[in-house]
Amino acid sequence: QARSVLGAALDKSTGTLLYNAAARLRDPKHLGFLVDYITRREILTDLQLNAALEYLRSHPLEPPDVADFEQACGVGVCVTPEQIEEAVEAVISKHRAELLSERYHFNMGLLMGEARSQLRWADGKTIKNEVDLQVLHLLGPKTEADLEKKPKAAKARLAPLEKQKMAVVENDEVGTETRSLLEQLRGEALKFHKPGENYKTEGYVVTPNTMALLKQHLAVTGGQVRTRFPPEPNGILHIGHAKAINFNFGYAKANGGICFLRYDDTNPEKEEEKYFTAIREMVEWLGYQPYTITHASDYFDQLYTWALELIRRGQAYVCHQKVDEIKGHNPPPSPWRDRPVEESLLLFEDMRKGKFGEGEATLRMKLVMEDGKMDPVAYRVKFTPHHRTGDKWCIYPTYDYTHCLCDSIEHITHSLCTKEFQARRSSYFWLCNALDVYCPVQWEYGRLNLLYTVVSKRKIIRLVETGAVRDWDDPRLFTLTALRRRGFPPEAINNFCARVGVTVAQATMEPHLLEACVREVLNEQAPRAMAVLEPLRVTITNFPAPKALDVLVPNFPADESRGFHKVPFQSTIYIEETDFREETDKGYKRLAPGQPVGLRHAGYVIAVQNIIKDASGRVIELEVTCTKSDVAEKPKAFIHWVSEPLVCEVRLYERLFLHKNPEDPSEVPGGFLSDLNPNSLRVVHNALVDNSVLSAQSFDKFQFERLGYFSVDPDSKEGKMVFNRTVTLKEDPGKA
1 QARSVLGAAL DKSTGTLLYN AAARLRDPKH LGFLVDYITR REILTDLQLN AALEYLRSHP
61 LEPPDVADFE QACGVGVCVT PEQIEEAVEA VISKHRAELL SERYHFNMGL LMGEARSQLR
121 WADGKTIKNE VDLQVLHLLG PKTEADLEKK PKAAKARLAP LEKQKMAVVE NDEVGTETRS
181 LLEQLRGEAL KFHKPGENYK TEGYVVTPNT MALLKQHLAV TGGQVRTRFP PEPNGILHIG
241 HAKAINFNFG YAKANGGICF LRYDDTNPEK EEEKYFTAIR EMVEWLGYQP YTITHASDYF
301 DQLYTWALEL IRRGQAYVCH QKVDEIKGHN PPPSPWRDRP VEESLLLFED MRKGKFGEGE
361 ATLRMKLVME DGKMDPVAYR VKFTPHHRTG DKWCIYPTYD YTHCLCDSIE HITHSLCTKE
421 FQARRSSYFW LCNALDVYCP VQWEYGRLNL LYTVVSKRKI IRLVETGAVR DWDDPRLFTL
481 TALRRRGFPP EAINNFCARV GVTVAQATME PHLLEACVRE VLNEQAPRAM AVLEPLRVTI
541 TNFPAPKALD VLVPNFPADE SRGFHKVPFQ STIYIEETDF REETDKGYKR LAPGQPVGLR
601 HAGYVIAVQN IIKDASGRVI ELEVTCTKSD VAEKPKAFIH WVSEPLVCEV RLYERLFLHK
661 NPEDPSEVPG GFLSDLNPNS LRVVHNALVD NSVLSAQSFD KFQFERLGYF SVDPDSKEGK
721 MVFNRTVTLK EDPGKA
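If you read the sequence shown in full-length UniProt numbering, its first letter stands for residue 1, the second for the next number, and so on.
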């Protein structure tokens, strides 16, 4: 096109402009329009081209307003050398004092920026040359002092509470950054469109009604960011949903917006009230409060009205192909695709009145999706009462039909969903535009998966049915209710989502990365207590008092300002069996004959005097003497202990599956149920815990010194508390 005007030989600057125009223009229908201006030498600089591209992106309707376009791009504007000289003189005069003081260490970019702001269409190189010339005239040539590097100003250190460490995971290696999830989601971080500027998104379909609909949309929202979290109420949320919750609620929060919790309740056969309740609980547990709670069923009447309109517009039809016939990506075309509109309207009404059985008729939309799927189903017949609408409907809308229209009704600005829904983006835009309603923008991001687990509803149900786990909240699972029961704090799950980051690529993570986040939070939140899992009775024969002494134990040894609790210390105590050996080796530092140990927090050192065994030769009791720590020789180690303890049940959890990918037939040919770890749960029925935990409630968390982090299980009852081990104190090297 350019050569037809300028001939075969194009100069380099024109060629560069043409290349940039072709490479950067998102909508090719404007390319010829833009090339005309370049070849007529009316767009001469990158600055003008950038303005032209931005104008065309912001004004998608045809044809562009020529006068408005030319004004926006500086067409015909001539900036003279005299104007540049005067603008630079004015800027240098403004900063004269600082220039004379700092000389060539002054930020010359500031001068250029201010001069350019006065002369938007001036050539940047010309401005720079003029700045250099006038600065040289004012300051003279550079001296040796001018050539010395300016010392860097020391960066102010962030306080620990302000410095949110955020790890970025690449190839399963974790590096740290100082960006919280909200910082990642704030403003331009994700290059998302601003509310009302949907048309600037690549692939967004603009119709003659788009701009008017966006104007109405902005009148409703006031330019506010609106997102939604739309779970199906037919199962419990899992760790992957935690990322979706953080992304949807977090993006709205980071940008001063609101987020809806919308239940996608279009499949009444599988929906139960317990799922509705659990979903809301988990959203709030993670620290988010929905702006409002809605249901797809709130809009059933409007969706039905729109379905009739879609038929009237010739964009939908009633089809009688069976489900098996239209499965897959290459089903035969429907013989009913071109049936008359009036016929489809009558048949759709018959569907609503229950005159067709399940599977005998569907309403299908006339479009081909990205993945090649043709004419997706909009409505199907289901004779199942709905938990909210009762028997009013026997036809229910599908996800492909419902989702985008509910987003439109709620004026969602950013419809955030996982990558597998990318194939449905075209149908999302198509349906809104086919009905001439406001069309939000769908943005996709990568799912979050964990190794050594399964999260699909169907497979978790199989685990429950076979007795491999107790229920959806079994602490070996990675549902959110299970993680809460195990003792994972919500802050740790949110931090983990921040470390994974918001990526387009699917993230498959090792569980130990999540566990590391748990340790970080619990180290600050969980008060210390002492517990013995495999108790060995110890009698102190020279106990220094006639009755029990009170020992003060810091709740957080690293910060004693956070308080203390009392534990009794008397002549009979219990220690871990593994903290005593009859024979020692070189690396062993705990209790043994001839090798005393200190008792944590008690201020005493004990030494073995007598070993008592049962008939089988097993050690059942030790008789020891004690010495105050300040007069005894410093022992090699200090061990934990309990006295007058509570008898508790402690559940110790390991990974539920043996292989990283239990659903992968190449790793586990026998299927995921054949990969269960037989040692995933060990129950200690008579563990001993110090009585400082007596008043603890369900989900309260503690660090049992030297053992790990533990959480009170809801199975606890008066007289028998139950604790779940959340994580060990340190990562097991064998699991990394």
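Using N, Cα and C, we set each Cβ at its ideal position, and we do this for glycine too.
Residue j beta carbon less than 8 Å from that of residue i
i    : j    : result
G598 : V608 : no
F704 : A531 : yes
H238 : L416 : no
F348 : A307 : yes
P475 : A468 : no
Y438 : C404 : no
C406 : R528 : no
L707 : L533 : yes
V377 : T389 : no
A687 : E649 : yes
R103 : L139 : yes
V504 : G587 : no
E130 : V66  : no
D375 : K366 : yes
C319 : R364 : yes
V35  : A23  : no
S412 : R226 : Checking the displayed sequence, the identity of residue 412 turns out to be Ile instead of Ser. Yes, these two residues count as a Cβ contact at 8 Å.
E731 : H565 : no
Selected residue, minimal CA-CA separation from residue i, among the options
i    : options                : result
Q224 : Y251, K243, P208       : Y251
N107 : Q71, D146, T126, W121  : D146
Q595 : D585, A602, G603, H601 : D585
T728 : R519, V551, G7         : R519
M112 : R103, P141, T126       : T126
N679 : R651, Q697, N661       : R651
K628 : V500, H95, A72, N542   : N542
T221 : I409, G328, D391, L136 : I409
R590 : K613, P635, F276       : P635
P340 : G314, G354, K327, R364 : G314
E271 : H387, F192, E560       : H387
H640 : D579, I620, Q1         : D579
S426 : G487, Q442, I412       : Q442
G719 : N433, H685, Y709       : H685
T275 : L110, W472, P397, K215 : In the sequence on display, residue 275 carries Tyr and not Thr. Among L110, W472, P397, K215, the Cα nearest to that of Y275 is on W472.
Contact set for residue i: own chain, Cβ-Cβ below 7 Å, skip 5 residues either direction
i    : result
K322 : G359
E633 : none
E654 : N677, N679, S680
V368 : M374
E188 : The predicted position of E188 is uncertain, since its pLDDT is 48 and thus under 50; a value taken from the coordinates is nonetheless stated next. Excluding positions up to five away in sequence, the list is empty.
Spatial neighbours of residue i in its chain, beta-carbon cut-off 6 Å, leaving aside the 5 residues before and after
i    : result
P489 : V521
P60  : Y199, V206
D436 : N209
L218 : G196
T294 : F260, R262
R682 : L652
Contacts around residue i, its chain only, beta-carbon distance under 8 Å, and the 5 residues preceding and following it disregarded
i    : result
N494 : L181, A242, N246, L286, G287
P568 : A548, L549, D550, V551, S643, E644, N691
L673 : R462, L463, T466, A468
V75  : Y37, E42, I43, Q48, F69
Outcome for residue i when other beta-carbon atoms lying within 10 angstroms are tallied against a minimum of 16
i    : result
I461 : exposed
R562 : exposed
G235 : buried
K701 : buried
P546 : exposed
T143 : exposed
S344 : buried
K373 : buried
R380 : buried
Q48  : buried
R725 : buried
S117 : exposed
P332 : exposed
N248 : buried
Y19  : exposed
D664 : exposed
With a threshold of 8 Å, are at least 3 pairs of Cβ atoms found where one atom belongs to the segment 417-426 and the other to the segment 291-311?
Verdict: no, contact absent.
Contact the segment 438-456 vs the segment 263-274: 3+ CB pairs below 8 Å
Contact fails between the segment 438-456 and the segment 263-274, because fewer than three Cβ pairs, one in each stretch, are under 8 Å apart.
Are three or more beta carbon pairs between the segment 65-81 and the segment 116-123 nearer than 8 Å?
Judged by Cβ distances under 8 Å, the segment 65-81 makes contact with the segment 116-123, as three or more pairs qualify.
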